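Engineer:
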Amino acid sequence: DTEVTQTPKHLVMGMTNKKSLKCEQHMGHRAMYWYKQKAKKPPELMFVYSYEKLSINESVPSRFSPECPNSSLLNLHLHALQPEDSALYLCASSQTIIPYEQYFGPGTRLTVT
Amino acid sequence: GQQVMQIPQYQHVQEGEDFTTYCNSSTTLSNIQWYKQRPGGHPVFLIQLVKSGEVKKQKRLTFQFGEAKKNSSLHITATQTTDVGTYFCAGPTSGTYKYIFGTGTRLKVLA
């Protein structure tokens, strides 16, 4: 199984809502990532987890809160987002922290109203 | 900070024509990865290059890593409509394993 799954596929939320994005992989990978991608732009790294510990936080605003409950799951908790946070949120995993190839999930298309 | 630029930004080709995208880093890279993202899809890993001057082939795709390890290229021979998408290179920032994606080249193939 070389699949990374993400739920939900689409999410519309108001600026006062709290929601969570979920990501799961069953490849035994020990590194997991959150990326943000705006239309026609490259993915931008947000967070990296290595062996379930937060390894990299790219100065992401605190309204985004990552969580890695176990080696297969990665969550991104969202609170008080702004319209400019609307984007495709991609989860990825790799065998260990890169330079191994990253497997991306299909993403969650987030719209903040 | 470190930048990874790709040219061209867009390329339209007739089916059967060749295509090349170039990736240039402002700093030396320990390795470089290439990804393809279809319209509406997610990035899919194509290849990783590690050695200076390395050349790797995958069917109609040829990847090169520059001698100075600051640039790379992807060449597609005889494009097909299935090659449509955006091609990204990605390289690690200096001294870290944090990858920066290049600006991308969007390829459109006209049948």
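Protein chains in written order, with the numbering used here: chain A, 1 to 113; chain B, 1001 to 1111. All C-beta atoms, glycine included, are put in the ideal place defined by N, C-alpha and C. Note that the coordinates shown come from a computational prediction; the quantities given were computed from them, not determined experimentally.
Taking 7 Å as the CB-CB limit, is B/Lys1128 close to chain A?
Structural biologist: The requested residue 1128 of chain B is not part of the displayed model; chain B covers only 1001 to 1111.
Engineer: For A/Lys19 versus A/Met13, is the C-beta spacing smaller than 7 Å?
Structural biologist: Along the first sequence, read from residue 1 onward, the residue named residue 19 of chain A stands at position 19. Along the first sequence, read from residue 1 onward, the residue named residue 13 of chain A stands at position 13. Yes, they are a contact pair.
Engineer: Is the distance from the Cβ of A/Lys36 to the Cβ of A/Ala87 below 7 Å?
Structural biologist: Taking the first sequence and counting its residues from 1, one reaches residue 36 of chain A at position 36. Taking the first sequence and counting its residues from 1, one reaches residue 87 of chain A at position 87. Yes.
Engineer: Return no unless some Cβ of chain A is closer than 7 Å to the Cβ of B/Pro1043.
Structural biologist: The sequence position of residue 1043 of chain B within the second sequence is 43, counting from 1. So, interface residue.
Engineer: By the DSSP assignment, the beta strand (DSSP E) with A/Ile98 in it spans what residues?
Structural biologist: Mapped onto the first sequence, residue 98 of chain A falls at position 98. Neither: A/Ile98 is in no beta strand (DSSP E) and is coded neither H nor E.
Engineer: What residues from chain A crowd round B/Gln1058, counting only those whose CB sits closer than 8 Å?
Structural biologist: Taking the first residue of the second sequence as 1, we reach residue 1058 of chain B at position 58. Chain A residues near B/Gln1058: none, gap ~13 Å exceeds 8 Å.
Engineer: Since B/Phe1063 and A/Pro43 are thought to touch, with beta carbons under 8 Å apart, how far apart are those beta carbons, to the nearest angstrom?
Structural biologist: Your numbering for residue 1063 of chain B matches position 63 in the second sequence. Your numbering for residue 43 of chain A matches position 43 in the first sequence. No, B/Phe1063 and A/Pro43 are not in contact; Cβ-Cβ is about 20 Å, not under 8 Å.
Engineer: Going by the DSSP bridge assignment, what does B/Val1055 pair with across the sheet?
Structural biologist: Taking the second sequence and counting its residues from 1, one reaches residue 1055 of chain B at position 55. Per DSSP, B/Gln1064.
Engineer: Hey, quick one: how far does the beta strand (DSSP E) through B/Val1050 stretch, first residue to last?
Structural biologist: Within the second sequence, numbered from 1, the residue matching residue 1050 of chain B stands at position 50. Counting along the chain, B/Val1050 falls outside any beta strand (DSSP E), and DSSP gives it neither H nor E.
Engineer: Under a three-way DSSP split, which group does B/Thr1081 fall into?
Structural biologist: By one-based count along the second sequence, residue 1081 of chain B stands at place 81. DSSP places B/Thr1081 in helix when its eight states are reduced to three.
Engineer: Opposite B/His1075 in the DSSP bridges: which residues?
Structural biologist: Within the second sequence, the letter at position 75 stands for residue 1075 of chain B. B/Thr1020 and B/Thr1062, per the DSSP bridge assignment.
Engineer: Give the range of the beta strand (DSSP E) segment to which B/Gln1006 is assigned.
Structural biologist: Along the second sequence, one-based indexing puts residue 1006 of chain B at 6. That run of the beta strand (DSSP E) goes Val1004 to Ile1007.
Engineer: Beta-carbon within less than 8 Å of B/Thr1020's beta-carbon, same chain only, minus the 5 sequence neighbours each way: which residues are those?
Structural biologist: Numbered from its first residue, the second sequence carries residue 1020 of chain B at position 20. Result list for B/Thr1020: Ser1073, Leu1074, His1075 and Ile1076, in chain order.
Engineer: Could you tell me the distance, in whole angstroms, from the CA atom of B/His1042 to the CA atom of B/Tyr1087?
Structural biologist: Within the second sequence, the letter at position 42 stands for residue 1042 of chain B. Within the second sequence, the letter at position 87 stands for residue 1087 of chain B. Going by the C-alpha atoms only, they are around 11 Å apart.
Engineer: With contact counted as at least three CB pairs below 8 Å, one residue from each stretch, are the region 58-75 of chain A and the region 96-104 of chain A in contact?
Structural biologist: no
Engineer: Counting C-beta neighbours from all protein chains within 10 Å, is the total for A/Leu74 16 or more, i.e. buried, or is it exposed?
Structural biologist: Along the first sequence, read from residue 1 onward, the residue named residue 74 of chain A stands at position 74. With 16 or more Cβ atoms within 10 Å of its Cβ, A/Leu74 is classed as buried.
Engineer: Sorted by chain position, which residues of the same chain lie with C-beta nearer than 7 Å to B/Glu1067's C-beta, five sequence neighbours on each side aside?
Structural biologist: As a first step, residue 1067 of chain B is located in the second sequence; it is residue number 67 there, counting from the start. So the qualifying residues of the chain are Ser1052 and Gly1053.
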